[in-house]
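Enquirer: In the UniProt record's numbering, the protein residues as written are 1 to 636. C-beta atoms are modelled at their ideal positions from N, C-alpha and C, and glycine is treated no differently.
Structure follows, in structure tokens:
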């Protein structure tokens with residue numbers, strides 16, 4: 001709403017100016033647009049009015065204005081389309097400050113202290129399978145010790161259980177399809193069927209070694225899945241002295257409270273140093289070997305299953321605090337008789353969530369319940385999701401991952417078709433056909449360590465006397481030094497390409513380019529749109545009101561008058577004459593009669609307008625109706 005754009009001139013009469021309202025609106029769209037073009041700060045609009053006498057110029061400036069307007073909003077569309085894609089830019093920065101030493105996990109690669117007899121049977125079955133395939137024997141069983149299982153209150157082993165190795169799942173030689181080559185190609189695999197036996201496939205590899213290891217691992221999982229039913233692994237504690245002979249950090253001996261112990265399904269007894277990352281003892285203030293962690297480890301090569309783990313020594317993983325170590329994905333092998341120096345460099349990444357990317361801060365908003373008692377990681381989420389799918393579709397859990405509540409591990413004595421179900425489900429996960437990758441986002445903050453290693457023979461010949469070790473002992477020990485190469489760390493941060501401030505700045509630049517205007521001009525545009533809507537509503541209201549008034553109007557109530565065609569003409573002729581005479585003599589009160597003696601209607605018609613001809617009279621041809629009520633009333 002605004003004051004009229006065309007105010008009264010100063011010399012207007014006071015009465016006319018007094019009739020104006022306090023707030024008035026435009027009377028038409030033309031007035032509104034004319035006022036806008038004359039008073040707006042947008043360049044070029046005034047030319048639409050000033051050149052109105054020249055239609056060619058008006059048309060030219062109209063086209064130019066519309067073209068500029070179209071180009072402006074085309075640029076706006078490009079800006080918004082880029083903004084709504086939410087692009088990010090990676091910025092890299094270097095920081096240097098004292099840092100907490102990472103968590104270090106060591107595993108002795110000897111998970112077989114709890115089992116002996118069934119694994120020995122599996123080794124014997126493996127020797128027979130290799131002999132049948134390749135025609136030569138191996139000595140797997142004799143290459144390691146056989147230990148009994150110690151249990152509280154007596155002894156027990158897997159032979160006392162109902163578990164039996166399934167010899168029907170054996171290694172076979174598979175001939176590949178004929179490719180026209182003279183040389184025949186074979187694959188080694190093993191057959192897996194579902195619970196009914198109606199659907200089967202061969203798990204095969206082009207390498208016989210890979211097939212034998214996978215086949216051995218499959219039987220090994222079926223053996224180890226029985227352990228929770230027989231023995232409590234967590235109660236079978238081992239002392240760290242069985243793995244670590246010496247431990248020093250920053251020249252100080254390690255404390256007994258600096259590590260935690262757990263048992264891994266494949267890699268045996270494991271110990272994690274500085275798992276929480278809260279003790280200031282592990283604060284790194286200087287880089288270099290002398291200020292890092294130095295360990296002398298037992299790397300016994302006797303108790304090994306070469307078909308499950310081909311590496312002799314100790315496995316080391318460097319990871320973040322409160323994080324589950326996934327040694328099957330990230331590890332470092334420490335070989336016996338060798339000193340290994342591992343330098344650490346740290347990188348950090350900060351990701352944007354929300355519209356800019358899919359990430360989670362703490363995993364609380366993820367639709368997968370973690371089965372690990374640790375902080376959120378992508379691997380922990382994927383493993384938990386896969387285990388849920390495994391329990392849902394196969395009826396049991398994969399032995400390498402923790403179990404959800406109420407589930408049990410798979411073994412082919414109780415779940416005959418679990419292997420068929422597992423490998424098909426795992427292939428779907430590897431091909432990204434399961435929903436786990438969609439459900440598990442990356443962490444919004446993530447830190448990882450880049451490792452560089454160097455090795456040397458250890459101990460040297462001269463230092464053997466100092467360690468007082470014989471040749472057999474030297475074959476079973478190793479040394480590892482873990483340290484920060486430098487305290488500088490690289491931080492990679494995501495930031496939005498288009499922020500709201502940058503978007504408004506670019507829009508302002510485009511607005512100034514095409515119209516040379518400011519923010520107030522934008523306000524004027526919004527005001528114009530508001531005026532258009534208000535004026536449209538006013539016009540609509542007036543139209544609706546006029547229609548209602550027309551419907552409510554009734555025809556003038558007049559008593560029925562019976563007139564002949566002659567009387568009707570005479571009345572009108574006399575009315576015209578009487579009208580002229582009444583103008584000159586208005587005080588005359590006498591009433592004259594018409595020529596035919598009928599009373600004229602001067603006294604009435606002088607005060608009321610002449611009634612219109614009744615449509616019924618016209619349509620009926622002035623039929624004579626015997627009704628003299630009007631004449632009687634007038635004569636009286």
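Start and end of the beta strand (DSSP E) containing residue 39?
Expert: Not the beta strand (DSSP E): residue 39 falls in the alpha helix (DSSP H), residues 29 to 39.
Enquirer: Hey, how far is the Cα of residue 25 from the Cα of residue 535?
Expert: 8 Å
Enquirer: Where does residue 541 sit, in a helix, a strand or coil, going by DSSP?
Expert: helix
Enquirer: Mind checking whether residue 332 and residue 344 have CB atoms under 8 Å apart?
Expert: For residue 332 and residue 344, no; Cβs fall outside 8 Å.
Enquirer: Please determine, among 164, 70, 44, the residue with the shortest C-alpha to C-alpha distance to residue 411.
Expert: Sorting 164, 70, 44 by C-alpha distance to the C-alpha of residue 411 places 164 at the top.
Enquirer: Count the other C-beta atoms from every protein chain shown that fall within 10 angstroms of the C-beta of residue 209, then say buried if there are 16 or more, exposed otherwise.
Expert: Counting Cβ neighbours within 10 Å, residue 209 comes out exposed, since fewer than 16 surround it.
Enquirer: By the three-class DSSP mapping on this structure, what secondary structure does residue 199 have?
Expert: coil
Enquirer: Give me, in chain order, the residues of the same chain whose beta-carbon lies closer than 6 Å to that of residue 403; leave out the 5 immediate sequence neighbours on both sides.
Expert: 397
Enquirer: Once you ignore the five residues that flank residue 328 on each side, which residues in its own chain have a CB closer than 6 Å to its CB?
Expert: Answer for residue 328: no residue qualifies.
Enquirer: Classify residue 601 as helix, strand or coil using the three-state DSSP reduction.
Expert: Interpretation of residue 601 is limited by its pLDDT of 45, a score under 50 that renders its predicted location unreliable; the figure taken from the coordinates is listed afterwards. Coil at residue 601, not helix or strand.
Enquirer: So the candidates are 99, 34, 360; which of them puts its Cα closest to the Cα of residue 490?
Expert: 99
Enquirer: Taking C-alpha atoms, which residue in 392, 205, 87 lies nearest to residue 358?
Expert: Per the Cα distances, 87.
Enquirer: Following the continuous beta strand (DSSP E) through residue 332, name the residue where it begins and the one where it ends.
Expert: 332 to 334
Enquirer: Going straight from the alpha carbon of residue 504 to that of residue 355, what length do you get?
Expert: 19 Å
Enquirer: Name the residue from 245, 33, 207 whose alpha carbon lies nearest to the alpha carbon of residue 106.
Expert: 245
Enquirer: Within 10 angstroms of its Cβ, does residue 324 collect 16 or more other Cβ (buried), or is it exposed?
Expert: buried
Enquirer: DSSP has residue 92 in a bridge; who is on the other side?
Expert: 492
Enquirer: What are the partner residues of residue 252, as DSSP defines its beta bridges?
Expert: 249
Enquirer: Taking the C-alpha atoms as reference points, what is the distance between residue 93 and residue 445?
Expert: 15 Å
Enquirer: Tell me the residue span of the alpha helix (DSSP H) that contains residue 220.
Expert: Taken as a continuous stretch (DSSP letters only), the alpha helix (DSSP H) holding residue 220 covers 208 to 224.
Enquirer: On the DSSP bridge list, what partners appear for residue 444?
Expert: Bridge partners of residue 444: none, in fact.
Enquirer: Among the residues of its own chain, which have a CB less than 6 Å from the CB of residue 36, if the five just before and after it don't count?
Expert: Once the five neighbours on either side are set aside, the close Cβ partners of residue 36 are 528.
Enquirer: I'd like to confirm the pairing. Which residues does DSSP put opposite residue 318 in its beta bridges?
Expert: 104
Enquirer: Please report the distance separating the alpha-carbon of residue 128 from that of residue 297.
Expert: 35 Å
Enquirer: Can you check which of these residues, 103, 29, 197, 75, is closest to residue 447 by C-alpha distance?
Expert: 103
Enquirer: In three-state DSSP terms, what is residue 367?
Expert: coil
Enquirer: Does residue 127 come out as helix, strand or coil in the three-state DSSP assignment?
Expert: Three-state result, residue 127: helix.
Enquirer: Do you know how far the Cα of residue 243 is from the Cα of residue 271?
Expert: 9 Å
Enquirer: Should the stretch 407 to 427 be regarded as contacting the stretch 359 to 375, the criterion being three or more beta carbon pairs within less than 8 Å?
Expert: The stretch 407 to 427, when compared against the stretch 359 to 375, does not touch it at the 8 Å Cβ threshold.
Enquirer: State the Cα-Cα distance for the pair residue 426 and residue 123, rounded to the nearest angstrom.
Expert: 26 Å
Enquirer: Under the criterion of a Cβ to heavy atom distance below 7 Å, does residue 403 qualify as lining the ligand ZN?
Expert: For the structure depicted, the ligand ZN is absent and the ligand set is empty, with no information on it obtainable.
Enquirer: Flag this pair as yes or no: are the beta carbons of residue 366 and residue 441 separated by less than 8 Å?
Expert: Yes. Within cutoff.
Enquirer: Using a Cβ-Cβ cutoff of less than 6 Å, which residues in the same chain neighbour residue 240 once the five nearest sequence positions on both sides are dropped?
Expert: 271
Enquirer: In whole angstroms, give me the CA-to-CA distance for residue 259 and residue 276.
Expert: 10 Å
Enquirer: With distances taken Cα to Cα, identify the nearest neighbour of residue 252 among 433, 385, 282, 269.
Expert: 282
Enquirer: Straight-line CA distance for residue 400 to residue 186?
Expert: 31 Å
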